[in-house]
Amino acid sequence: MSVDLRISPDQIIERYLSMELVRVTERAAVAAARLRGHGDEKAADQAAVDAMRRELNRLPIDGEIVIGEGERDEAPMLFIGEKVGNKQGPKVHIAVDPLEGTTLCAKDMPGSIAVMAMAGAGHLLYAPDVYMDKIAIGPGYPTGVVDLDASAADNINALAKAKGVKPHEINTLIMDRPRHEKLIAEVRKTGASIRLITDGDVAGVIFCTEPEKTGIDLYLGIGGAPEGVLAAAALRCVGGQMQGRLILDTEEKRARAATMGVKDPNKKYDMAEMASGDVIVCATGVTDGGMLSGVRFGPEVIETETIVYRSITGTVRRIYGEHREFAKFNLD
Ligand code: VTB
215 MSVDLRISPD QIIERYLSME LVRVTERAAV AAARLRGHGD EKAADQAAVD AMRRELNRLP
275 IDGEIVIGEG ERDEAPMLFI GEKVGNKQGP KVHIAVDPLE GTTLCAKDMP GSIAVMAMAG
335 AGHLLYAPDV YMDKIAIGPG YPTGVVDLDA SAADNINALA KAKGVKPHEI NTLIMDRPRH
395 EKLIAEVRKT GASIRLITDG DVAGVIFCTE PEKTGIDLYL GIGGAPEGVL AAAALRCVGG
455 QMQGRLILDT EEKRARAATM GVKDPNKKYD MAEMASGDVI VCATGVTDGG MLSGVRFGPE
515 VIETETIVYR SITGTVRRIY GEHREFAKFN LD
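Taking the numbering used here, the leading residue of the sequence shown gets 215, the next gets one more, and so forth.
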């Protein structure tokens with residue numbers, strides 16, 4: 215079989231934008247990291263938002279935020295519907311979490327990142343900032359081996375069978391929240407292990423893609439919907455399966471979602487319905503974590519670590535940055 219390796223004009227733009235996105239998350243991460251460990255979540259988040267917006271507005275794109283930090287009335291955050299870019303480029307949709315894990319950053323705990331995803335217009339789920347029930351596994355399993363609507367026990371047993379191990383050898387990851395009390399008890403009954411995390415479930419889902427390295431096979435439970443879409447975008451690039459359902463438990467949330475085009479409030483979205491087409495996902499570490507090292511401030515150099523995923527080729531790049539100018543002029 216011959217493969218057409220020619221690159222279309224659109225793909226050239228995407229290719230070149232991958233590096234541009236690295237600059238965006240690097241700057242957001244550095245800005246947030248300056249406030250690392252200062253106990254002020256809001257200030258750290260705002261610093262990341264301001265840096266991310268400034269860098270996004272420099273990009274040659276006609277962009278719109280579809281997953282952001284709240285809705286229009288909550289400005290000055292990067293809000294859903296906000297237009298970004300210099301308008302001199304392709305129409306793209308963007309999902310952002312300028313500081314995923316604000317508490318982790320404020321307390322200087324592991325795992326906070328600056329993260330974003332970009333795809334052609336219409337290729338990322340346009341959804342309000344609500345909760346999402348999620349399930350995710352890594353690549354290499356038959357389609358549908360786990361399902362959001364199956365019980366935790368059924369999912370763990372099915373996954374164990376597909377992996378060729380016993381249920382107690384399956385490692386799950388769940389956010390440590392009172393809302394997961396029943397879920398945790400159900401998982402415990404199967405004998406599977408649980409890694410409980412306090413925040414940062416974008417990385418939590420991504421951990422499933424490399425079980426040999428992270429020890430995680432299965433993500434279960436309820437986290438933020440924006441984080442769900444960002445994680446789905448990353449999984450699209452490296453393989454794996456994910457499903458999510460928005461939690462629209464009030465009339466007001468259903469109405470808000472409807473204005474964004476969500477027709478069925480109970481819809482179970484699969485990964486490709488959350489992120490399709492050519493997606494680029496980019497994340498830079500703010501504090502040290504299992505996925506990325508945090509920003510290091512040296513006297514002459516600021517160091518960053520960034521990961522960039524591209525779905526069209528499945529390429530994953532880790533980019534180590536040394537920034538002399540930011541260090542010299544104390545820039546974000
Ligand atoms: C998660 C996690 C975030 O919010 O999605 C979570 O990834 C969900 O909300 O880092 P609750 O904290 O209300 O459970 C964060 O913890 C913070 O944005």
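Here a beta-carbon is modelled for each residue, glycine too, at the ideal position from N, C-alpha and C. Predicted, not measured: the structure shown is a model, and the values here were computed from it.
Query raised in the report: In the DSSP assignment, what residue or residues form a beta bridge with Ala320?
Result: DSSP, once it has assigned bridges, lists no residue as partnering Ala320.
Query raised in the report: Which stretch, first to last residue, makes up the beta strand (DSSP E) that contains Val329?
Result: That run of the beta strand (DSSP E) goes 327–334.
Query - Spatially closest choice to Lys348 from Glu514, Asn300, Gly458, Ala497, by CA coordinates - result: Measuring from the Cα of Lys348, the nearest candidate turns out to be Gly458.
Query - Gly475 beta carbon near the ligand VTB (any heavy atom closer than 7 Å) - result: Using a cutoff of 7 Å, the CB of Gly475 does not count as near the ligand VTB, since none of the ligand's heavy atoms is closer than that.
Report task. Alpha carbon to alpha carbon, how far is Phe543 from Met456? Give it in angstroms, no decimals. Result -> Met456 and Phe543 have their alpha carbons spaced roughly 43 Å apart.
Query raised in the report: Using CA coordinates, which residue listed in Thr412, Ile430, Ala486 is at the minimum distance from Val419?
Result: Checking every option, the nearest Cα to that of Val419 belongs to Ile430.
Query raised in the report: If you draw a straight line from the C-alpha of His537 to the C-alpha of Leu339, how long is it?
Result: Their backbone Cα atoms lie some 34 Å apart in a straight line.
Query raised in the report: Buried or exposed: Arg531, going by 16 or more other Cβ atoms within 10 Å of its Cβ?
Result: Exposed: under 16 other Cβ atoms inside 10 Å.
Query raised in the report: What is the rounded straight-line gap between the Cα of Glu539 and the Cα of Asp276?
Result: Distance between the alpha carbons of Glu539 and Asp276: 28 Å.
Query raised in the report: Considering only residues of the same chain and omitting the five flanking positions on each side of Ala262, which have a CB-CB separation below 6 Å?
Result: Sequence-distant Cβ neighbours of Ala262 in its own chain, meaning closer than 6 Å and more than five residues away, are Ala242, Ala245, Ala246, Pro312, Leu313, Ala328.
Query raised in the report: Going by the beta-carbon positions, is the gap between Tyr345 and Ala448 smaller than 8 Å?
Result: Going by beta carbons, Tyr345 and Ala448 fall outside the 8 Å limit.
Query raised in the report: Gln302: buried (16+ other C-beta within 10 angstroms of its C-beta) or exposed?
Result: A residue is called buried once 16 or more other Cβ atoms fall within 10 Å of its Cβ, and Gln302, having fewer, is exposed.
**Report entry** DSSP-derived helix/strand/coil call for Gln549
**Finding:** Beyond the ends of the chain as shown, which are 215 and 546, falls residue 549; an answer cannot be given.
Report task. Can you grab the Cα-Cα spacing for the pair Gly325 / Ala417, in whole Å? Result -> For Gly325 and Ala417, the gap between their C-alpha atoms comes out near 8 Å.
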